[in-house]
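Numbering (the UniProt record's numbering), first residue to last: 1 to 743.
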């Protein structure tokens, strides 16, 4: 008996020990939260008290799933390739890092995709299920859809086993054991999970079909109606446009005598629930709809005030909401001109829930509310009490900070501007802040928005800020959109401010008096344009096409200073097309040293590095890759000369991708020149530009070389060459040169 008790006790201890080791804290609610740092915004997680349970250290952070796993990432852009991790609520990395786009959990599965083919599937616990050579798309009803290199679609299970081969032009997700697939051009069928065809759909397409209805265009009447999937007309053509059905209702439009068409809502019999009297209609769930007032103006109903309607077609509110989100239960989040709040199904504001200043979204997360309004983030109780609010303060050094100040005049005008704190001289600080405020909101602060609702403008401005020694550099970026236009106009302006004196420096302050700096900068910009044009002629899809071959740099030109160069830029349409954005021309300080006022206050207000050349990056390329390419080119330029002069190809061989065009041609070149007693001397070379190549992980490097060549019995003669080298990784992932063309 005693031994049984001891045995039971040991088992109990072991069980509790096991549970202690492997128990998780999934029941603890954690919420994504961020802080501003010198290196940018960093994300972590707070608990219900507002304290950080996982310290900020990631660039991006998703919410925790029901299994207590969150997806986080580090990278430059949330929508580009980054380093992805799966963590638990203790902050421990369960799996990763993966190099992929940042995924979400959908139906308990996360799919990690890269730019190329190949995917990794992770379950809700953060466990890697499998890696596939195929590009995996969605998971639903027990199967994953995928596509092969020929863009044919099929399905696989959660072990990675292909259960339906990739043979379809397109494939929708499975639902209740059935999926619609495109078997041929505009030919659709319903299949089961074995791939067996259950039904051939005579009238179906990816965009207009839903809930058994497909809209169609009648050539005779020039109007749209609806057919069922068997091809029978079920709603006669009567509409100028016909949308997809959602829960038994569809938005249609009729031609109007005004500028724009008007929209209505029909049921499956074609009967109007809302007559075609509105500029747009949106389904909000729970048989509720938002309809936009018809102003007969040529732009999206996104910008119109909206009213709430029920399924009976009854108008429940005035046209006073600029945005209404989907109903969840009895409430929906809505926005008026300047604030965000909850409404009920009668269109009334819910007084027991927060009404917050700013435009954005409020949502429930467990028992608390998350509010994302006007660039801010906060967590609140239902009574509006703040549990945690993001401190929108950007640290610049130990004491100097930039506060982010929000200004909203109305729904269409939102501006963020900086307020600097921590400067030694309060008077200088006040002077700087007064001028910055005027530069950002001066023309809007005391000016009401236009009362003409038919032709509004959408205006936004924000900023970024950096501090180099005593030079504060603020980038003001904006977008002005005359609503209804094809697109708006972006703007960009830099302020260079001395934190000691409060001086706002101009371009002229960088140069010696009487130096004719504008002419010198014009010459340097024109030279870069000529080289960029040569690149465009060599690779038509790359480089840039300019309206002007020799644009002028004015004495008060737009500019920004970097740590090693001056950057001159032009606005869209000034010298290139709109899609070219802001054409920039970077000029290293070493190229303009003779005209810089090196004793001037502007030049001495910041730390800098003097260089003569800096590669132009046509696309965003990681700085570590650029460094590797620079090192490779430096080794190649020196060693190819040594190889030629000594007839030892092995000297340069390590720089070349074995078996490549360049490897083979350079091997012959070394032998041929040596046999002719030809000698070379490298005077100098410059990497002018680097850009991504057509294939993954390949780069094009544009190099300008000055080489002295001595043929047998002759003197050295200087020659100038322009070569474009292709760089790609070898089997060991080391970058090597593989090809060469003139440019």
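Idealized CB from N, CA, C, for every residue including glycine. Please read these numbers as outputs of a predicted model, since none were measured by experiment.
{"query": "Which class does residue 603 belong to by DSSP, given the choice of helix, strand or coil?", "result": "helix"}
{"query": "Output the distance between the C-alpha atoms of residue 116 and residue 738, rounded to the nearest integer angstrom.", "result": "21 Å"}
{"query": "Is the beta carbon of residue 609 sitting closer than 7 Å to the one on residue 563?", "result": "yes"}
{"query": "When you compare only the Cα positions, how much space is there between residue 255 and residue 261?", "result": "5 Å"}
{"query": "Taking only the alpha-carbon atoms, compute the straight-line gap between residue 486 and residue 539 and give it to the nearest angstrom.", "result": "29 Å"}
{"query": "Buried or exposed for residue 165, going by 16 or more other Cβ atoms inside 10 Å?", "result": "exposed"}
{"query": "Could you give the DSSP three-state label for residue 489: helix, strand or coil?", "result": "strand"}
{"query": "Could you spell out where the beta strand (DSSP E) holding residue 88 opens and where it closes?", "result": "82 to 88"}
{"query": "Quick one: what's got a C-beta closer than 8 Å to residue 501's C-beta in the same chain, skipping five residues either side?", "result": "428, 601"}
{"query": "For residue 484, which of 295, 69, 554, 64 has the nearest alpha-carbon?", "result": "295"}
{"query": "How is the alpha helix (DSSP H) around residue 518 delimited, first residue to last?", "result": "517 to 538"}
{"query": "Which whole-angstrom value is the C-beta distance of residue 263 and residue 280, which I expect to be below 8 Å?", "result": "6 Å"}
{"query": "Determine the burial state of residue 323: buried for a count of at least 16 other Cβ atoms within 10 Å of its Cβ, exposed for fewer.", "result": "buried"}
{"query": "Beta-carbon within less than 7 Å of residue 531's beta-carbon, same chain only, minus the 5 sequence neighbours each way: which residues are those?", "result": "688"}
{"query": "Please state the DSSP three-state secondary structure of residue 302.", "result": "helix"}
{"query": "Can you tell which of 459, 472, 473, 518 has its C-alpha closest to the C-alpha of residue 779?", "result": "Not covered by the structure: residue 779. The range shown for the chain is 1 to 743."}
{"query": "Would you call the segment 717 to 732 and the segment 697 to 707 in contact, with 3 or more CB pairs under 8 Å?", "result": "yes"}
{"query": "If you check the beta carbons only, do residue 529 and residue 743 fall under 7 Å apart?", "result": "no"}
{"query": "Ordered along the chain, which non-local residues of its own chain (more than five positions away) have a Cβ less than 6 Å from that of residue 711?", "result": "678"}
{"query": "By Cβ distance, which residues of its chain are closer than 6 Å to residue 61, with the 5 residues on each side in sequence left out?", "result": "32, 43, 72"}
{"query": "Indicate whether residue 225 and residue 235 have their beta-carbon atoms separated by less than 7 Å.", "result": "yes"}
{"query": "Taking Cβ to Cβ, would you say residue 96 is nearer than 7 Å to residue 85?", "result": "yes"}
{"query": "Residue 282: which of 290, 276, 275 sits nearest, CA to CA?", "result": "290"}
{"query": "Any contact between the segment 471 to 479 and the segment 514 to 527? By contact I mean 3 or more CB pairs, one from each, below 8 Å.", "result": "no"}
{"query": "Over what stretch of residues does the alpha helix (DSSP H) that includes residue 750 continue unbroken?", "result": "Only positions 1 to 743 of the chain appear in this structure, which leaves residue 750 out of reach."}
{"query": "Can you look up residue 643 in the DSSP assignment and give me helix, strand or coil?", "result": "helix"}
{"query": "Go through its chain and collect everything with a Cβ distance to residue 547's Cβ below 7 Å, but skip five positions before and after it.", "result": "575, 576"}
{"query": "Does the separation of the CB atoms of residue 292 and residue 304 fall below 7 Å?", "result": "yes"}
{"query": "Kindly list the residues whose CB is nearer than 6 Å to the CB of residue 110, restricted to its own chain and excluding five residues on each side of it in sequence; keep chain order.", "result": "103, 122"}
{"query": "Rounded to whole angstroms, how far is the Cβ of residue 360 from the Cβ of residue 406, which I believe are closer than 8 Å?", "result": "Going by Cβ atoms, the distance from residue 360 to residue 406 rounds to 11 Å, so no, they are not a contact pair."}
{"query": "With distance defined between alpha-carbon atoms, name the residue in 449, 163, 107 nearest to residue 338.", "result": "449"}
{"query": "Provide the residue span of the alpha helix (DSSP H) that contains residue 403, from first to last.", "result": "Not the alpha helix (DSSP H): residue 403 falls in the beta strand (DSSP E), residues 401 to 410."}
{"query": "First and last residue of the alpha helix (DSSP H) that includes residue 584?", "result": "Premise fails: residue 584 lies in the beta strand (DSSP E), 584 to 588, not in any alpha helix (DSSP H)."}
{"query": "Give, in chain order, every unbroken run of the beta strand (DSSP E) that is at least 3 residues long and sits entirely within the segment 200 to 269.", "result": "213 to 218, 223 to 228, 233 to 239, 249 to 254, 262 to 267"}
{"query": "Which of helix, strand or coil does DSSP assign to residue 629?", "result": "helix"}
{"query": "Give me the Cα-Cα distance between residue 362 and residue 464, rounded to the nearest whole angstrom.", "result": "26 Å"}
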